[in-house]
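Chains as they are written, first to last, in this note's numbering: chain A, 42 to 447; chain B, 278 to 456. Glycine is no exception: its CB is placed at the ideal position from the N, C-alpha and C atoms.
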Amino acid sequence: MFQRFKGQVLIALILTGFCVPCVNAQVDVQKGRHSFGVSGFGGDASIAGQVTDVLKNDIRLSGYFALSPVGSAEYVESGTVRGDRSGVVIECVVMQQATKKVVLSKTYQGSGQDLRRAVHKLTDDIVQAITSQPGIAQTKIAFVWSHGGAKELAVMDYDGYNVKQLTYDRSISVRPKWSPDGRKIVYTSYKNLFPDVLEVDLYTGQRLRLAAYPGLNTGAAFSPDGLSIALTLSKSGSPELYTMNAQGGDLRQLGHSRGGKSSPTWSPDGRDIAYVSDESGAPQIWMMGKEGGTPSRLTTAPSYNTEPDWSRPPANSDMKPMLALTSRVGGKFQLGVYDHSTGAVTPVVADGADNEDPSWAPDGRHLVFGKTQHWRTQLYLLDVVTGEQVQLPSIEGGASEPAWGP
Amino acid sequence: MRKKFLVEIILAAAIAAFGLTGCKSHSAMNGSGNSSNGEGNVPPLEGGPNGGITSNGGRPVGMTGEPVKGQFGIVYFDFDSARIRPSEDAKLQAVAAYLKSNPGNLVVEGYCDERGTAEFNRALGERRALAAREELVKQGADGSRITTISYGSDRPADMGHDEAAWSKNRRCEFGIVNQ
Numbered sequence: 042m043f044q045r046f047k048g049q050v051l052i053a054l055i056l057t058g059f060c061v062p063c064v065n066a067q068v069d070v071q072k073g074r075h076s077f078g079v080s081g082f083g084g085d086a087s088i089a090g091q092v093t094d095v096l097k098n099d100i101r102l103s104g105y106f107a108l109s110p111v112g113s114a115e116y117v118e119s120g121t122v123r124g125d126r127s128g129v130v131i132e133c134v135v136m137q138q139a140t141k142k143v144v145l146s147k148t149y150q151g152s153g154q155d156l157r158r159a160v161h162k163l164t165d166d167i168v169q170a171i172t173s174q175p176g177i178a179q180t181k182i183a184f185v186w187s188h189g190g191a192k193e194l195a196v197m198d199y200d201g202y203n204v205k206q207l208t209y210d211r212s213i214s215v216r217p218k219w220s221p222d223g224r225k226i227v228y229t230s231y232k233n234l235f236p237d238v239l240e241v242d243l244y245t246g247q248r249l250r251l252a253a254y255p256g257l258n259t260g261a262a263f264s265p266d267g268l269s270i271a272l273t274l275s276k277s278g279s280p281e282l283y284t285m286n287a288q289g290g291d292l293r294q295l296g297h298s299r300g301g302k303s304s305p306t307w308s309p310d311g312r313d314i315a316y317v318s319d320e321s322g323a324p325q326i327w328m329m330g331k332e333g334g335t336p337s338r339l340t341t342a343p344s345y346n347t348e349p350d351w352s353r354p355p356a357n358s359d360m361k362p363m364l365a366l367t368s369r370v371g372g373k374f375q376l377g378v379y380d381h382s383t384g385a386v387t388p389v390v391a392d393g394a395d396n397e398d399p400s401w402a403p404d405g406r407h408l409v410f411g412k413t414q415h416w417r418t419q420l421y422l423l424d425v426v427t428g429e430q431v432q433l434p435s436i437e438g439g440a441s442e443p444a445w446g447p
Numbered sequence: 278m279r280k281k282f283l284v285e286i287i288l289a290a291a292i293a294a295f296g297l298t299g300c301k302s303h304s305a306m307n308g309s310g311n312s313s314n315g316e317g318n319v320p321p322l323e324g325g326p327n328g329g330i331t332s333n334g335g336r337p338v339g340m341t342g343e344p345v346k347g348q349f350g351i352v353y354f355d356f357d358s359a360r361i362r363p364s365e366d367a368k369l370q371a372v373a374a375y376l377k378s379n380p381g382n383l384v385v386e387g388y389c390d391e392r393g394t395a396e397f398n399r400a401l402g403e404r405r406a407l408a409a410r411e412e413l414v415k416q417g418a419d420g421s422r423i424t425t426i427s428y429g430s431d432r433p434a435d436m437g438h439d440e441a442a443w444s445k446n447r448r449c450e451f452g453i454v455n456q
C-alpha cells in the first residue's frame, strides 16, 4: 500500500510542479518577493541532490521568494551535507549578496528518513531570518483519501510527501479537524454505520468516540484554546450547532432556528463561531457567540456560501485574521474571502473548476483546498498574498476535505 | 444492607439500559495494540427514544449489520431542497403502514447529488431524512422507532455526472433493522 503510494507520488512529482494560472487575490497586503539563489550543497553528492530539491521546493512554496540565478539573487544559499552513522548533517549559510551580511548560519541533523524534516526546519529558519514571518515548511495536512468506494483519513507533510494513512476502517471517514496542539484529529466516521464524531490521537493511535447521538454527528471543530469543540448534531430534529468540552461532555445547544446549520469555525479569539445556515432560503455564513445568543448574518452574496474557515495568524505576523469560504456561482465553486468591513465576498480562486473546502495554514497566508476537474478532486495550495496556486502531488483515487495542521 | 445495594444496582442498570439518563455515549475505545491502526473494542451503542415528536429517534439497540433495504420505494427530491414532493407521498404512506403493522426499527438514509460542498451536503441529506421521518410520524408511525443516517453526497446510486444521474442520487432510502 505505501509503496504504491510512493510510486504514485514520484510520478506525480515529475508531472506536477507548474503553477496554475489564477485570479489575483484582491487582498490588500504587500506582494513583494525576494529573489533567492540556491547554489546547492557540497559534500556527499548522493544526498546533496535531494537536499537541494527539498530546499528549492520549500523556498518556492513559502511565497516570500522567487528562485533565481545565484549571480543576480538578493539572497544566496550555500552549504555542505554529509552522511554519518546516525543520518545526515546539513550545514547551511544564507547571505545577503549586496551587503555580504550573513542572515543564517546553522547546522541541522536528521536521521536518514528525516532528511526532509531537517530541510523543512532549515527553510522555516530562513523565512524567519529574512522576513520575520512564520514559515509553514514543518506543518502537516490531514485529508480524506478516496479509494475503492471507501474514504479514509490520511496525513501528509504540507508539500504532499510522507503520506500516512490514519484509518483502516474500509468505511467512510471524513471532515478531519486538528486540535490546536497538533496531537489529535476529530472527524466524522461511519465505521459503526451511523455518522459519529471520533477523535484519534496521532501519537498513541487511541480513538475516542466523542459524539454518537441519534441522527447526524459531524462538523467537529476545536476552539483555539483546545478546550471546546463545536459540532453539528441533529438529535433535536434538525441539524443545529452545539459545543461540548474536549472530552465530549457538557453538551450545549447554540440556538434553534428553521432550516439547518452546519460547518462551525471559531474566531481566533475563541469568542464567536461562524457557520452555515440556510434559514434565509439558501446557505449563507452566519455568526454567533460561543454561548449562543443572537445570530448575525455575514454573507448575502453570492447566493450560496458554505464551508467557512477562520484563519489564526500569529500576533506578530503581517496577516490579519480572514474568513475563507466556498461560493457557488453559475454552478461552479469558487474560493472567497469575506470582508467584514464591507460585508462582501472577494473571490480568490475562480477559474472554472470546482474549488472547495479551504483550510488555512497557521501562518494565515496560505490555505489548502480541493480542486475538482473532470469529477476528480486533488489538493492545491494557495498563497493569498500572491494569488499563486500550486498543485500538491496527486493522490491516487482522489483527495478532499483537507485540514491544515498547526 | 446487601440486599438494598443489590436492588440499587439492578435499578441503576435498568435506568442505564432504558436510556433514561439521555443518549450520551462517549466511551473510550482503547487501542488493543494488535494492529497498526490502534483500533480497539467498541462499546455497545445506547438506544432509547429522545422524547418528543420533533426529536430524532434513538438508535436501535443491539443492531447487527446493515439495514435491510429494497422493500420500500425510494423517495426523490428537487435540487437543493428537502421538501417532500406530493408525488412521493404514496411511498411514505407505504412505509408508515408497514411500521404500524410490523415490529422492528426503521433507518431513513438521506442523500445528495455530488453538486454541493461535502459538509453542507451531510446536513442537507439529514434534512431530507428528517423530512421523511416527520412525514412518517404525521401518518401515525412511532417516531422512536425511526432513526436517520445522512450520507451527504457519498454512496451515490448512479455514478454519472448529469441530471439523469443526479436526480437519482437526491433521495431517501428506507431500511428495516432486525432486532
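- The beta carbon of F235 (chain A) sits closer than 6 Å to no other beta carbon from its chain once the five residues preceding and following it are set aside.
- Taking E396 (chain B) as the centre and dropping the five residues before and after it, the same chain places the C-beta of G429 closer than 8 Å to its C-beta, in chain order.
- Inter-segment contact for the segment 404-420 of chain B and the segment 322-342 of chain A is absent: fewer than three beta-carbon pairs are separated by less than 8 Å.
- Under the three-state reduction of DSSP output, G335 (chain B) falls in the coil class, being neither helix nor strand.
- Close to I213 (chain A), with beta-carbon spacing below 7 Å, are these residues of chain B in chain order: D431.
- Contact of A400 (chain B) with chain A is assigned, a C-beta pair being separated by under 7 Å.
- Of the candidates B:V352, B:I361 and B:V414, B:V352 places its Cα closest to the Cα of N446 (chain B).
- For H161 (chain A), the enclosing alpha helix (DSSP H) starts and ends at L156 to T172.
- In the DSSP secondary-structure assignment, Q416 (chain B) is not bridged to any residue.
- For A442 (chain B), no chain A residue has a C-beta closer than 9 Å to its own C-beta; the minimum C-beta separation is roughly 11 Å.
- Residue pairing for Q150 (chain A): DSSP places it in a beta bridge opposite A:V130.
- Against chain B, a Cβ distance below 7 Å from E442 (chain A) picks out A395.
- Exposure of K361 (chain A) is indicated by the presence of fewer than 16 other C-beta atoms within 10 angstroms of its C-beta.
- The beta-carbon distance between L401 (chain B) and A434 (chain B), rounded to whole angstroms, is 16 Å. This is too long to meet the 8 Å contact definition.
- In the displayed model, V135 (chain A) falls within a strand according to three-state DSSP.
- Remark: three or more beta-carbon pairs, one from each stretch, lie closer than 8 Å, so the segment 209-218 of chain A and the segment 188-197 of chain A are flagged as touching.
- Contact check for V143 (chain A) against M136 (chain A) passes: the beta carbons are separated by less than 7 Å.
- Within chain B, T394 and A395 have C-beta atoms less than 9 Å from the C-beta of E397 (chain A), given in sequence order.
- Minimum Cα-Cα distance from A114 (chain A) among the listed residues A:R123, A:K141 and A:I88 corresponds to A:K141.
- Distance between I326 (chain A) and L408 (chain A), taken at the CA atoms: about 19 Å.
- The continuous beta strand (DSSP E) containing G411 (chain A) extends over residues H407 to Q414.
- For F410 (chain A), the nearest beta carbon of chain B is not closer than 7 Å to its own beta carbon.
- The segment 347-355 of chain A and the segment 149-166 of chain A do not touch, with fewer than 3 CB-CB distances between them shorter than 8 Å.
- Per DSSP, T273 (chain A) is one residue of the beta strand (DSSP E) stretching across S269 to L274.
- N446 (chain B) carries a helical assignment under DSSP once its states are collapsed to helix, strand and coil.
- No Cβ of chain A is located within less than 7 Å of the beta carbon of G347 (chain B).
- When the Cα atoms are used, R353 (chain A) and G381 (chain B) turn out to be separated by approximately 49 Å.
- Boundaries for V111 (chain A): no alpha helix (DSSP H) harbours it, and the DSSP string shows neither H nor E there.
- At least one C-beta of chain A is nearer than 7 Å to the C-beta of G335 (chain B).
- Here the segment 94-107 of chain A does not lie against the segment 145-152 of chain A, with fewer than 3 beta-carbon pairs under 8 Å apart.
- Taking 7 Å as the threshold, the shortest C-beta distance from G296 (chain A) to chain B does not fall below it.
- Fewer than three Cβ pairs drawn from the segment 286-294 of chain A and the segment 354-373 of chain B lie within less than 8 Å of each other, which leaves the two stretches out of contact.
- By the neighbour-count definition (other C-beta atoms within 10 Å, threshold 16), M329 (chain A) is a buried residue.
- Minimum Cα-Cα distance from W307 (chain A) among the listed residues A:A253, A:P221 and A:C133 corresponds to A:P221.
- Taking 7 Å as the threshold, the shortest C-beta distance from T367 (chain A) to chain B falls below it.
- Looking from the CA of Y199 (chain A), the closest CA among A:Y116, A:S382, A:V238 and A:I100 belongs to A:I100.
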